[in-house]
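Participant:
In my numbering, the protein residues as written are 2 to 280.
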């Protein structure tokens, strides 16, 4: 990846549009590509496809009436693919994303996550007791952990599963972020951009993303986006890409390409814009 900040890449967008995008370059035929899902795949519903919705509070010290707590909430839509094998593979991938371990169903994964959160939070109990006993104005903030999972059908029948997290473990502010997992409904494998893009697509896609960020921010020029100049990262092709019916939405979480104050940034790129690099 070129070592250039988003400021310099976005600054080149105007110049990019004035250049010939080489739209007449020969398009390769790809009749042997088997990665695309049929336009109207037949979906066989699996009986295990039920939503998960659990919430509660974990006390830091159950012996204290006004103990600080960790509030948690996990709301996960079910994911059901074309067959039980594909569904199980997707569920394992999602449970691993949430907990770090593969489980056979999302409910079990969430129960395991509550146990993990409880153990991690209560490791802080000795510090809390020490502060409470030695400081008259002792204060310990409540923490929280929220995750919501939404399943959305998209491009060529792929299933996008979008996990939105919101966590707070103390400090000036919490952290919220999105993780996207896209599955092929036929076999349950996670789809990556290389499967739908032609070889060497990266540079053109980066320019398209830069233009999409300007549209998202309703800006025509980088000088209108002063807060991006204080970003802590450089522009890259986000792995959090939602393959929707009409476009690809690239999601950048706080701190990835800009400051926390800038918030989450999204860039919608239509498939028409990507026709020269799309298989």
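We put the beta carbon where it would ideally sit given N, CA and C, even for glycine. Keep in mind it's a predicted model, so treat the numbers as computed, not measured.
Is it the case that the segment 189–197 contacts the segment 252–270, given that we only count it when at least three CB pairs across the two stretches are under 8 Å?
Facilitator: Segments in contact, no.
Participant: Buried or exposed: where does residue 246 fall if 16 or more other Cβ atoms within 10 Å of its Cβ makes it buried?
Facilitator: Classification for residue 246: exposed.
Participant: Just the C-alpha distance for residue 159 and residue 210, rounded to the nearest angstrom, thanks.
Facilitator: Computed Cα separation, rounded: 21 Å.
Participant: Rounded C-beta distance between residue 50 and residue 81? I'm assuming under 8 Å.
Facilitator: Confirmed, about 4 Å.
Participant: Please say whether residue 78 and residue 151 have beta carbons closer to each other than 7 Å?
Facilitator: Yes. Within cutoff.
Participant: At what residue ranges does the segment 119–180 contain a whole run of the beta strand (DSSP E), taking only runs of 3 or more?
Facilitator: Listed in chain order, the complete beta strand (DSSP E) runs (minimum 3 residues) inside the segment 119–180 are 144–154, 160–169.
Participant: On the DSSP letters alone, give me the boundaries of the alpha helix (DSSP H) that residue 279 sits inside.
Facilitator: Counting along the chain, residue 279 falls outside any alpha helix (DSSP H), and DSSP gives it neither H nor E.
Participant: Could you give the residue range of the beta strand (DSSP E) that holds residue 249?
Facilitator: Residue 249 -> beta strand (DSSP E) spans 248–253.
Participant: Thinking just about the alpha-carbon of each residue, which of 267, 62, 186 is nearest to the one in residue 90?
Facilitator: Of the candidates 267, 62, 186, the one whose C-alpha sits nearest the C-alpha of residue 90 is 186.
Participant: For the candidate residues 87, 86, 202, 118, whose alpha-carbon lies nearest to that of residue 101?
Facilitator: With distances taken between Cα atoms, residue 101 lies closest to 118.
Participant: Alpha carbon to alpha carbon, what distance is there between residue 172 and residue 270?
Facilitator: Straight-line Cα distance between these residues: approximately 36 Å.
Participant: May I ask whether a heavy atom of the ligand SAM can be found less than 6 Å away from the beta carbon of residue 270?
Facilitator: In the structure on display, the ligand SAM does not appear, and there are no ligands present to speak of.
Participant: Does DSSP put residue 213 in a helix, a strand or coil?
Facilitator: Of the three classes helix, strand and coil, the one that applies to residue 213 here is helix, per DSSP.
Participant: Could you pull out every residue in the same chain whose Cβ sits closer than 7 Å to the Cβ of residue 146, ignoring the five residues on either side in sequence?
Facilitator: Contacts found: 71, 73, 118, 168.
Participant: Given a threshold of 16 other Cβ atoms within 10 Å of its Cβ, counted over all protein chains shown, does residue 27 qualify as buried or as exposed?
Facilitator: Only weak support exists for where residue 27 lies, its pLDDT of 43 falling under 50; the value from the coordinates is given anyway. With fewer than 16 other Cβ atoms within 10 Å, it is exposed.
Participant: Excluding five sequence neighbours on each side, which residues of the same chain lie with their C-beta closer than 8 Å to the C-beta of residue 203?
Facilitator: Here the set comprises 238.
Participant: Evaluate residue 105 with the Cβ neighbour count: other Cβ atoms within 10 Å of its Cβ, from every protein chain shown; 16 or more gives buried, anything less gives exposed.
Facilitator: With fewer than 16 Cβ atoms within 10 Å of its Cβ, residue 105 is classed as exposed.
Participant: Helix, strand or coil: how does DSSP classify residue 200 here?
Facilitator: Of the three classes helix, strand and coil, the one that applies to residue 200 here is coil, per DSSP.
Participant: Helix, strand or coil for residue 58, going by three-state DSSP, please let me know.
Facilitator: Looking at residue 58 - three-state DSSP - the assignment turns out to be strand.
Participant: Do the CB positions of residue 241 and residue 148 come within less than 7 Å of each other?
Facilitator: No, the Cβ-Cβ distance between residue 241 and residue 148 is not below 7 Å.
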